[in-house]
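Chains A and B are the protein sequences, given in the same order. Counting from 0, one number per residue, gives the positions in the first sequence under numbering that gives the first Met the number 0. Counting from 0, one number per residue, gives the positions in the second sequence under numbering that gives the first Met the number 0. A virtual CB, placed ideally from N, CA and C, is assigned to each residue, including glycine.
There are 2 protein chains.
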Amino acid sequence: MSAIRSELVAVLIAVQDEEPLVLTLDQGRNLPSGPLETGHRSLQRGMRLWVEQQTQCHLGHIEQLYTFAEALDATEGPDEPRLIRISYMGLTRLEDAQEGWRGLYEYFPWESWRENGAESLNAEIARALSGWAGRDAARQWRCAETFGLDGQPWNDELVLHRYELLWEAELLPESRNPGVWLVPGRSMPSDRRRILATALARLRAKIRYRPVVFELMPETFTLWQLQRTVEAIAGRPLHKQNFRRLILAQELVEETGEAAVQPQGRPARLYRFRREVIGTRQLMGSKLPIARSA
Amino acid sequence: MSAIRSELVAVLIAVQDEEPLVLTLDQGRNLPSGPLETGHRSLQRGMRLWVEQQTQCHLGHIEQLYTFAEALDATEGPDEPRLIRISYMGLTRLEDAQEGWRGLYEYFPWESWRENGAESLNAEIARALSGWAGRDAARQWRCAETFGLDGQPWNDELVLHRYELLWEAELLPESRNPGVWLVPGRSMPSDRRRILATALARLRAKIRYRPVVFELMPETFTLWQLQRTVEAIAGRPLHKQNFRRLILAQELVEETGEAAVQPQGRPARLYRFRREVIGTRQLMGSKLPIARSA
DNA sequence: CTGATTTATGCTCTCATTGAGCATAATAGG
DNA sequence: CCTATTATGCTCAATGAGAGCATAAATCAG
């Protein structure tokens, strides 16, 4: 066994005004990180205590993402200790606007298909990728599958694949030899935006088969608010009636009897999450009811 | 940042004679582990090099499982460094019988529903769990969902949930206060059987949406061999005709033109995995065609 | 050589789930 | 009362999954 240094990295996610937010430091260029405290029972518990102490946020769901190793400054020699980063994702509710929270899609504008901008951005990316792929059939195939080109469907869970492909294609500022044209979007030094991509990928996958959305929702909510939150994470519009059908079929929520006050239209019923069924139930039949047009 | 010790733990899995095997040490009571070597580019690559050097096995698929922290001997005081274990799962092909490989289901006999034994064992477990749950409705519900009782379906991916439930219910030798009756099965000291459970859970989940089975298969194979391998991992019998339909529909394999030599019956066609499509394709529509009876 | 046995492969039929959109209900504002 | 707006209910077609029958191609016992 070798002696190394270690730290915890936290990706804290909340949804506010139908927009996913992430807690950052240093003008949005860094993620919260801290030492692996001794005396904690487990990494997970240590993570929770540390985050809740630092941020006053209650974490509803915590999940280990990945453990990275990084060679320290090469000048220290090849046998010198290294740094291990254990990354976690945490979900929380945000009462009101607070310092440091930034829109997650500022870092991944190509991942948000809810408004019309993504279409043209992804078209530009497709052109740049096609230049990178050249006549290499394997590369072309990979681009098509990853970015949903050539008739392939867009798979929202491939966040990390897409990030890595853009990185390899030298289309990001943090690529090894960044090209002339770079994909727009806020960047982060080192591999931190990669950790962020891992978190989004995991969250999009998880939201389908475990009822973790509710950790991002207030105590009571309308089905429309729930849908908007899922859409915010999945990054694409859903079919309203079918979304209701699926949610109600799963019996994950119960009516409170109250109705929401709304400026317009028929008032919506308020629902509450049935915590009893949190165990092994999935959110929807593992398929999101994607809507064709926004 | 604090100084800690770290090691890599490997769960190496192969399938031979329709039985999943895991590489163990120390009479099956330990898993291979080694130091985190300095000088490796990444954890993943370090893992691969180290394993292939030690075992002469080529690893087809590698996946990080989880990172655990363990307090070292308490006598060292609360501020002493701790041990971090980064666990990986690796899939490999096994040519012939080798030292140290043991049947995975020796450690989890309740997970294998391919033969008839599991039925009675799970009935015994259900009785023991019911004693533990008592009148606690939440516990009863959890047992039912996790072990497929009271009309709930058996979910083969809940390997880790089941292991943890048995651990909490004091039904394992490694539980805090082991009860009088213990679930049969080979055990491991400390939390190593837990790591094994994590690996099996991950593998069962992964096999559905990524074509990783092929890493466990020889170059060419019949659809029946493929099915038996999937069954070995999923731990339950599948519907033969529907399995073929799904595999062929995904266009993951192509005929070699050859036929397998068989002692009896019509010879089966040999297939080969189409590596071109490994990228983002899933194995089957994420659902296994479970057969009702064995 | 013939028919029984065994395994592989092809195909159908039904039922459940999903995708899509029309229809109706309940509110606010003129 | 009429219109705009949002919520909710419902239907219909297309697709996918579960189950089992039917046929094909080999071996083996007489």
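- Chain order gives the chain B residues near A/T66 as L42, Q63, Y65, T66, I83 and I85, where near means a beta carbon separation below 9 Å.
- Membership of B/W223 in the alpha helix (DSSP H) is indicated by the continuous run L222 to A233.
- Taking 8 Å as the cut-off, the beta carbon of B/L164 is found no closer than this to the beta carbon of B/T197.
- For A/R201, the closest C-alpha among the options A/R28, A/E62 and A/A125 is that of A/E62.
- Annotation: A/I83 to B/L7 spans about 12 Å, alpha carbon to alpha carbon.
- Within the region 94 to 141 of chain B, the runs of beta strand (DSSP E) at least 3 residues long that lie entirely inside it are, in chain order, 100 to 102.
- Only residues of its own chain outside the window of five on either side were considered, and among them E218, T219, V252, E253 and T255 have a CB closer than 7 Å to the CB of B/R271, listed in chain order.
- Cβ-Cβ distances below 8 Å link A/V212 to I206, L225, T228, V229, I232 and L282 in the same chain, with the five nearest sequence neighbours on each side left out; the list follows chain order.
- The alpha-carbon of A/A259 is positioned some 21 Å away from that of A/N241.
- Listed along chain B are A136, A137 and W140, each with a C-beta nearer than 9 Å to that of A/E275.
- Counting along the chain, the unbroken alpha helix (DSSP H) around A/L42 starts and ends at L42 to T54.
- Here the alpha carbons of B/G59 and B/G89 stand approximately 7 Å from one another.
- Within the DSSP bridge table, the entry for B/P34 names B/E6 as partners.
- Residues of the same chain with a CB within less than 7 Å of the CB of A/I277, apart from the 5 flanking positions on each side, are P210 in chain order.
- Residue pairing by DSSP places A/P19 opposite A/V14 in a beta bridge.
- Secondary structure remark: continuous beta strand (DSSP E) runs of at least 3 residues inside the region 172 to 217 of chain B: none found.
- Under the DSSP assignment, B/I246 falls in the alpha helix (DSSP H) whose first and last residues are K239 to Q249.
- As the crow flies, the alpha-carbon of B/E257 is around 56 Å from that of A/V14.
- The alpha-carbon of B/F107 is positioned some 8 Å away from that of B/R185.
- According to the DSSP assignment, B/E167 belongs to the alpha helix (DSSP H) that extends over V158 to E167.
- Shown here, A/V276 sits in a helix according to DSSP, grouped into three states.
- A straight line joining the alpha-carbon of A/A68 with that of B/L35 spans about 10 Å.
- Shortest Cα-Cα distance from B/S86 to any of B/D190, B/S174, B/P236 and B/P262 involves B/D190.
- Nearest in C-alpha terms to B/R92, of all of B/Y208, B/R126 and B/C56, is B/C56.
- Bounds of the beta strand (DSSP E) holding A/G89 are L82 to T91.
- Here DSSP, grouped into helix, strand and coil, assigns A/A259 to coil.
- When the beta-carbon positions are compared, B/G99 and B/T221 stay at least 8 Å from each other.
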